[in-house]
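Notes follow once the structure below has been shown.
Residue numbers (my numbering): 176 to 337.
Here is the structure:
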């Protein structure tokens, strides 16, 4: 196989990856201004707004944010998103942190905990149900994270409901 043929093959892969990313991201809604804005995805969950960066990177991070807000109850990994976006997981995590101010993992935890807080305040579910609804099968681990992020336990949060 000649060098020219290999190079054309790589160029074709790059174009295909760019086209795939563009199609995945063309519906992303992007805001302006600070890091947190008025866009919400359910009670108490604000979507991060993105500061100015390169368009392709902005779209990749916005795709990640939208994906997290839609799939927070599932087993989310940086590896999944990195493979969908054709970007290394380490670079993607650095980019995500640069844009949002927090790591991918912390962002996922925060989204889950905010959703859990809203569900607990509704008062329609038991703690173990809320834990499962936001993606945690281990209730003690969920309770530990919840208390760390909210400064109260899930059972104490339920007492605040109206």
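Heads up, the beta-carbon is just placed ideally off N, CA and C, and yes, glycines get one too. Note that the structure is a prediction, hence the values are computed from the model and not measured.
- Residue 297 is classed as exposed because its beta carbon has fewer than 16 other beta carbons within 10 Å across all chains shown.
- When the alpha-carbon of residue 247 is set against those of 270, 281 and 276, the nearest one is in 281.
- Per DSSP, the unbroken alpha helix (DSSP H) holding residue 307 starts and ends at 302-308.
- Boundaries of the alpha helix (DSSP H) around residue 230: 230-246.
- Taking all protein chains shown into account, residue 285 has 16 or more neighbouring C-beta atoms within 10 Å of its C-beta and is therefore buried.
- Counting of Cβ neighbours within 10 angstroms places residue 295 among the buried residues, the total reaching 16 or more.
- Non-local C-beta neighbours of residue 250 in its own chain, meaning closer than 8 Å and more than five positions away in sequence, comprise 310, ordered along the chain.
- Look at the region 270-298 and you find these whole runs of alpha helix (DSSP H), each 4 residues long or longer: 279-297.
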